[in-house]
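A short worksheet on the structure shown next.
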Amino acid sequence: MCGRFTQYRTAVEYLDALRYDKPIEGGIDPEPINRYNVAPRSRVMMFFETDAGLRQARLPWGYQPFWCKGKRQPAINARVETAATSRFFRDIWATGRTLVAADGWYEWVKDPDDPKKKQPYYIRRKDGEPLWFAALAQLDRNAMVERDGDGFVILTADSDQGMLDIHDRRPIVLEADLARQWVDPDLPLARAEEIVRDLALPVEAFEWFAVDRAVGNVRNEGPGLIEAVST
């Protein structure tokens, strides 16, 4: 499960890495985002494509269809093997393919000496490049204002593809060329499924290290959260 990540560069830096050659609609905030502890339910910068080009937006991290409101908490992740057919996600699978820019994410591992304790690890690309999470969102591509119920989920890999725990689920991270395809509204659905099922970055593209347990508190922020610690 991907439940916490970082997003600290500028939007310009992320877009440079995406190598997107169409217009950027509505302008881009030039300031660093400086978020080292992005948590569910918070508003997160993301990108999606419109007829006019690529647009930046900030949407809540969490989604539930209208018929499910009040029955359960909004989902923050969607399993890649069922997202296309699940009643919960199939509508936004067809219309809501989006990208979440990130620099890394956190996973927690149980302490073998005390199962009640968990050690957080920070995971990032070995080459230092930004990450592109494949996401699904409920949104109106042509509206400049967020609607009630808009939000997004991050797609996660099969349960045998965790980094630190083989049973854990990691976010689907795409290379720039596949990320550009993913947000194309005209992309055939079969190709979209192929991209996230078979073509995500492999485990070998990443590195990880232990970080301070302070990241477990969503109120904590700052670059110190991604500094390596000894265990």
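Quick note: to get this note's numbering, add 2 to the position in the sequence shown (first position is 1).
Glycine included, C-beta positions come from ideal geometry on N, C-alpha and C.
What does the Cβ neighbour count give for residue i, buried or exposed, with the cut at 16 atoms within 10 Å?
i	result
Gly-28	exposed
Gly-55	exposed
Glu-33	exposed
Trp-69	exposed
Thr-100	buried
Ala-96	exposed
Ala-230	exposed
Thr-87	exposed
Gly-72	exposed
Leu-191	exposed
Thr-8	buried
Val-205	exposed
Arg-126	buried
Nearest by alpha-carbon distance to residue i: which of the options is it?
i	options	result
Val-175	Glu-209, Tyr-108 and Ala-159	Ala-159
Pro-132	Gly-106, Pro-42, Ala-80 and Leu-138	Gly-106
Pro-173	Ile-228, Ala-192 and Val-198	Val-198
Ala-80	Gly-72, Ile-94 and Val-40	Ile-94
Phe-49	Ile-228, Tyr-108 and Ala-139	Ala-139
Asn-39	Thr-233, Val-231, Gly-224 and Glu-229	Gly-224
Gln-58	Lys-120, Arg-92, Pro-122 and Pro-25	Pro-25
Ala-136	Ala-207, Pro-117 and Leu-203	Leu-203
Tyr-123	Arg-221, Phe-208 and Asp-31	Phe-208
Trp-110	Gly-130, Asp-214, Pro-62 and Glu-196	Asp-214
Asp-129	Trp-210, Ser-232, Thr-233 and Ser-44	Trp-210
Glu-83	Glu-196, Ser-232, Ser-44 and Arg-143	Glu-196
Met-165	Pro-114, Asp-116, Lys-118 and Tyr-108	Tyr-108
Leu-189	Thr-12, Leu-17 and Gly-98	Gly-98
Using 9 angstroms as the limit for Cβ to Cβ distance, is residue i near chain C?
i	result
Ile-125	Absent from the structure is chain C; it holds one protein chain and no more.
Would you mind reading off the limits of the alpha helix (DSSP H) that contains residue i?
i	result
Leu-133	No alpha helix (DSSP H) holds Leu-133; the beta strand (DSSP E) holding it covers 133-140.
Tyr-16	13-20
Ile-94	92-97
Ala-194	191-200
Leu-61	Note, Leu-61: premise wrong, no alpha helix (DSSP H); beta strand (DSSP E) at 55-62.
Asp-179	178-184
What is the C-beta distance between residue i and residue j, in whole angstroms, given that I count them as a contact (C-beta under 8 angstroms)?
i	j	result
Leu-141	Asp-150	Actually they are not in contact, since the Cβ atoms of Leu-141 and Asp-150 sit about 12 angstroms apart, beyond 8 angstroms.
Ala-77	Val-155	5 angstroms
Val-14	Ile-30	6 angstroms
Pro-62	Gly-5	That pair is no contact at about 15 angstroms.
Leu-227	Val-217	5 angstroms
Here's a check: name, in chain order, each residue in its chain whose Cβ is nearer than 6 angstroms to the Cβ of residue i, leaving out the five neighbours to either side.
i	result
Asn-36	Tyr-10
Leu-180	Ile-197 and Leu-201
Asp-167	none
Sorted by chain position, which residues of the same chain lie with C-beta nearer than 8 angstroms to residue i's C-beta, five sequence neighbours on each side aside?
i	result
Tyr-22	Leu-56 and Arg-182
Ala-178	Ala-19, Leu-20, Arg-21 and Trp-134
Arg-74	Gln-66
Asn-222	Asn-39 and Ala-216
Leaving out five residues on either side along the sequence, give the residues of the same chain with a beta carbon under 7 angstroms from the beta carbon of residue i.
i	result
Ala-85	Phe-91, Trp-95, Leu-138 and Leu-157
Lys-112	Lys-120
Glu-51	Val-185, Asp-186 and Pro-187
Thr-233	Gln-121 and Ala-212
Mind checking which residues open and close the beta strand (DSSP E) that includes residue i?
i	result
Tyr-124	116-127
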